[in-house]
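Here the sequence shown is numbered in full-length UniProt numbering, starting from 1 and rising by one per residue.
Where is the CB? At the ideal position from N, CA and C, for every residue including glycine.
Read through the structure below, which is laid out as structure tokens, and then see the notes.
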Amino acid sequence: MHGVIAYTGSNAERFQQLCHAAEHFGASNFNTHNTGTNWIGSFGSDNVARIFTDANGVGAVYGSAASTVQYHSENFLDEAPDDIAGCAIHREAGLVVAAGRGNHKMFIHHLSENEMMASSSLSVLAYALRDSTSIDRSYEDFALGFGFPPGVQTLFNGIQSLPAGTRYFAATASTETTTTFPVSSPAATSFEQAIPQLHDLFIKAVAEQAGNRTKHAVLLGGFDSMLVAATLRKLGHEVHTYTFSFGDPHFEQKNIKEFVSSLGITHHPVVITPELIEKNLREFSSHFSQLGAQPHYQILTLIGSQQIANDGFTAIANGDGCDALFLSFPTVNRRAKISQRVANAPRFLKKAALLPLQTALAERQLGHVGRVMRSVLNNALLPQPARGHLPTQYLDHYALSQLRIGAQPEQAETMLALRLRVAEPTAQMNAPRRAFHGNGLTGQSRVKVDGAVCATGLPHFSPYLHPEFRAFVNSLPIEYLKDQSNSPSAKGKELLVAMVREYKLLPDLFINQPKQSPSDSPVDTWYMTSLKKQMLNQMQDLPFAVNTKYVNTILRAKYPETWYRNKVSIAHHTMQAIGLLASYASFNRLLREE
Numbered sequence: 001m002h003g004v005i006a007y008t009g010s011n012a013e014r015f016q017q018l019c020h021a022a023e024h025f026g027a028s029n030f031n032t033h034n035t036g037t038n039w040i041g042s043f044g045s046d047n048v049a050r051i052f053t054d055a056n057g058v059g060a061v062y063g064s065a066a067s068t069v070q071y072h073s074e075n076f077l078d079e080a081p082d083d084i085a086g087c088a089i090h091r092e093a094g095l096v097v098a099a100g101r102g103n104h105k106m107f108i109h110h111l112s113e114n115e116m117m118a119s120s121s122l123s124v125l126a127y128a129l130r131d132s133t134s135i136d137r138s139y140e141d142f143a144l145g146f147g148f149p150p151g152v153q154t155l156f157n158g159i160q161s162l163p164a165g166t167r168y169f170a171a172t173a174s175t176e177t178t179t180t181f182p183v184s185s186p187a188a189t190s191f192e193q194a195i196p197q198l199h200d201l202f203i204k205a206v207a208e209q210a211g212n213r214t215k216h217a218v219l220l221g222g223f224d225s226m227l228v229a230a231t232l233r234k235l236g237h238e239v240h241t242y243t244f245s246f247g248d249p250h251f252e253q254k255n256i257k258e259f260v261s262s263l264g265i266t267h268h269p270v271v272i273t274p275e276l277i278e279k280n281l282r283e284f285s286s287h288f289s290q291l292g293a294q295p296h297y298q299i300l301t302l303i304g305s306q307q308i309a310n311d312g313f314t315a316i317a318n319g320d321g322c323d324a325l326f327l328s329f330p331t332v333n334r335r336a337k338i339s340q341r342v343a344n345a346p347r348f349l350k351k352a353a354l355l356p357l358q359t360a361l362a363e364r365q366l367g368h369v370g371r372v373m374r375s376v377l378n379n380a381l382l383p384q385p386a387r388g389h390l391p392t393q394y395l396d397h398y399a400l401s402q403l404r405i406g407a408q409p410e411q412a413e414t415m416l417a418l419r420l421r422v423a424e425p426t427a428q429m430n431a432p433r434r435a436f437h438g439n440g441l442t443g444q445s446r447v448k449v450d451g452a453v454c455a456t457g458l459p460h461f462s463p464y465l466h467p468e469f470r471a472f473v474n475s476l477p478i479e480y481l482k483d484q485s486n487s488p489s490a491k492g493k494e495l496l497v498a499m500v501r502e503y504k505l506l507p508d509l510f511i512n513q514p515k516q517s518p519s520d521s522p523v524d525t526w527y528m529t530s531l532k533k534q535m536l537n538q539m540q541d542l543p544f545a546v547n548t549k550y551v552n553t554i555l556r557a558k559y560p561e562t563w564y565r566n567k568v569s570i571a572h573h574t575m576q577a578i579g580l581l582a583s584y585a586s587f588n589r590l591l592r593e594e
């Protein structure tokens, strides 16, 4: 394990609790500093977790950008890269905890008015507090609905995450927004002019992230990461690619053999088995900071990153952020369009259509398909800007009433109030951008990367998240990114594809290949067959009594779900409810570990 910890207060044993908690999860190589009543420390590889000192104090930073720039305790994390978090002891301000705007977070817990513990790892902080904390069920309905706790909430009582782009001063209990590094991007006056500008910025991003490394590992998942690998080869570097192998050609990435042979790339399959999925689901909370509807997606990246680390690489390149940046998730675009159409239907019709879907018969016969239909209809009944914002609600009020035995937990806010609150920043956005904002709030990719970095000590880099490249693309008209006259489920990326064709970065075979989901896998079949007993067993660790009959209903094969997997979902996945429950159970299980 790799990360940072901090404590302020009069009881030094509290800091030792954090150290022992990190050791419980395999941490070593501790580097700690103490000034008065403030303690900070890093553990693991200084590739991603390191201590720095300067005239104003000492700091500990963690994340993919930990070793890319020089950090300062004065105005801690001002103008810092996005992928960083940490803590510092400033000679005047005392303990300062801060988080960047990228994949990594800092988690804090106030023991009293003048006493606080913090860690970049939620599992470390929760384990250190396991005798005094518990699962926070006051946002359980939302978390089990959408796969993430809202805002700064975590799954544990008394532990919150620091908002992205802020620093917290423990002595004064005050917060400041960190400043961003000023980024300038060229102005494009036409689609044609934007093509060479995009090319130059992309090459620059790949080269800068490569640094002084000339041998690279790339997690390969389709066009986006193929472009990264091909560009590294264009720069004359040695490239090794990794894809997931499930023992079933149906779920293998397409055209891999042709791609690697055409560029002289060494390819490595990452073998994924049901046993690996089950083991990592059980230990999910040890690595990741929130539950998820598709936890196997995070687990796949974790296993791949572990193999890359074992092969001796010091960093991982990927294609993260491309789809969100270029508005090219087919399912998100399709959802935005469907949401608009259903919203136009008369309200009484939508309410009437909901009634037969909120029945035990619908759950037995339709399963996930019925829950998706309920989600679409309930979403269409919401006021703006909540309508069309968040993705599918996997376990809604009716499903939870069937799942949980006994009294339902009291919620801190109503579902409507929560949905309006998280959608507030999208009030001025158009429908596609609002849907992409909501999809991004689930944080699946951020959680995936943070967990893999924390577990392996290998930073992850993607040129699509490079600040200059991202600023340029975000400044462009939406028409450059996605043809508005095209199908709402089209691939998009019009400008990126035009650039790739213009500069011959990839052959048409790889440009035109059908999009595959990064979470595509046979995990549904495994849940329903070889892992069914283990999944039912894991449900016993949930923080509530479970209706096993209902869970068995979810796990039973259904024709509508088979149709949905094969004809609708590019991820071939309908067992999101099982992923949510299994990952949630792991957080409750963590508190009972010795």
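Give me, in chain order, the residues of the same chain whose beta-carbon lies closer than 6 Å to that of residue i; leave out the 5 immediate sequence neighbours on both sides.
{"i": "residue 222", "result": "516"}
{"i": "residue 488", "result": "For residue 488, the predicted structure reports a pLDDT of 40, less than 50, and the residue's modelled location is therefore unreliable. The matter cannot be settled from this model."}
{"i": "residue 542", "result": "585"}
{"i": "residue 101", "result": "82, 164 and 165"}
{"i": "residue 366", "result": "560"}
{"i": "residue 423", "result": "385, 386 and 389"}
{"i": "residue 74", "result": "56"}
{"i": "residue 280", "result": "299"}
{"i": "residue 380", "result": "342, 343 and 350"}
{"i": "residue 52", "result": "59 and 71"}
{"i": "residue 253", "result": "243"}
Quick one, which of the options has its alpha-carbon nearest residue i's?
{"i": "residue 392", "options": "347, 339 and 428", "result": "339"}
{"i": "residue 258", "options": "553, 457 and 513", "result": "513"}
{"i": "residue 315", "options": "64, 384, 28 and 353", "result": "64"}
{"i": "residue 234", "options": "245, 215 and 280", "result": "215"}
{"i": "residue 150", "options": "139, 18, 159 and 28", "result": "139"}
{"i": "residue 92", "options": "146, 172 and 70", "result": "172"}
{"i": "residue 568", "options": "358, 401, 441 and 330", "result": "330"}
{"i": "residue 153", "options": "579, 405, 239 and 442", "result": "442"}
Assuming contact is defined by CB atoms lying nearer than 8 Å, are residue i and residue j in contact in what I supplied?
{"i": "residue 451", "j": "residue 287", "result": "yes"}
{"i": "residue 141", "j": "residue 539", "result": "no"}
{"i": "residue 178", "j": "residue 168", "result": "no"}
{"i": "residue 115", "j": "residue 9", "result": "yes"}
{"i": "residue 119", "j": "residue 111", "result": "no"}
{"i": "residue 495", "j": "residue 144", "result": "no"}
{"i": "residue 587", "j": "residue 155", "result": "yes"}
{"i": "residue 530", "j": "residue 274", "result": "yes"}
{"i": "residue 590", "j": "residue 291", "result": "no"}
{"i": "residue 17", "j": "residue 128", "result": "yes"}
{"i": "residue 357", "j": "residue 370", "result": "yes"}
Alpha carbon to alpha carbon, how far is residue j from residue i? Give it in angstroms, no decimals.
{"i": "residue 490", "j": "residue 333", "result": "A caution first: residue 490 carries a pLDDT of 44, below 50, which makes its placement in the model unreliable, though a value can still be read off. Near 8 Å, if we compare the C-alpha coordinates of residue 333 and residue 490."}
{"i": "residue 270", "j": "residue 456", "result": "16 Å"}
{"i": "residue 556", "j": "residue 341", "result": "32 Å"}
{"i": "residue 480", "j": "residue 57", "result": "47 Å"}
{"i": "residue 224", "j": "residue 376", "result": "30 Å"}
{"i": "residue 3", "j": "residue 349", "result": "52 Å"}
{"i": "residue 202", "j": "residue 232", "result": "11 Å"}
{"i": "residue 411", "j": "residue 137", "result": "7 Å"}
{"i": "residue 272", "j": "residue 575", "result": "18 Å"}
{"i": "residue 304", "j": "residue 243", "result": "8 Å"}
{"i": "residue 312", "j": "residue 212", "result": "16 Å"}
{"i": "residue 406", "j": "residue 547", "result": "10 Å"}
{"i": "residue 598", "j": "residue 324", "result": "Residue 598 is absent from the structure shown; the chain starts at 1 and stops at 594."}
{"i": "residue 302", "j": "residue 90", "result": "35 Å"}
Name the DSSP beta bridge partners of residue i, please?
{"i": "residue 167", "result": "98 and 176"}
{"i": "residue 54", "result": "57"}
{"i": "residue 339", "result": "Paired residue(s): none; residue 339 is not in a bridge."}
{"i": "residue 215", "result": "238"}
{"i": "residue 5", "result": "41 and 119"}
{"i": "residue 379", "result": "For residue 379, which the question treats as bridged, DSSP gives no partner whatsoever."}
{"i": "residue 153", "result": "160"}
Using C-beta distances below 8 Å, list every residue in its chain close to residue i, excluding the 5 sequence neighbours before and after it, in chain order.
{"i": "residue 228", "result": "206, 218, 317, 318, 319, 462 and 463"}
{"i": "residue 500", "result": "227, 506 and 511"}
{"i": "residue 573", "result": "294, 517, 519, 520, 521, 523, 524 and 565"}
{"i": "residue 433", "result": "327, 426 and 478"}
Considering only residues of the same chain and omitting the five flanking positions on each side of residue i, which have a CB-CB separation below 7 Å?
{"i": "residue 471", "result": "183 and 185"}
{"i": "residue 15", "result": "7 and 39"}
{"i": "residue 230", "result": "263, 505 and 506"}
{"i": "residue 399", "result": "371"}
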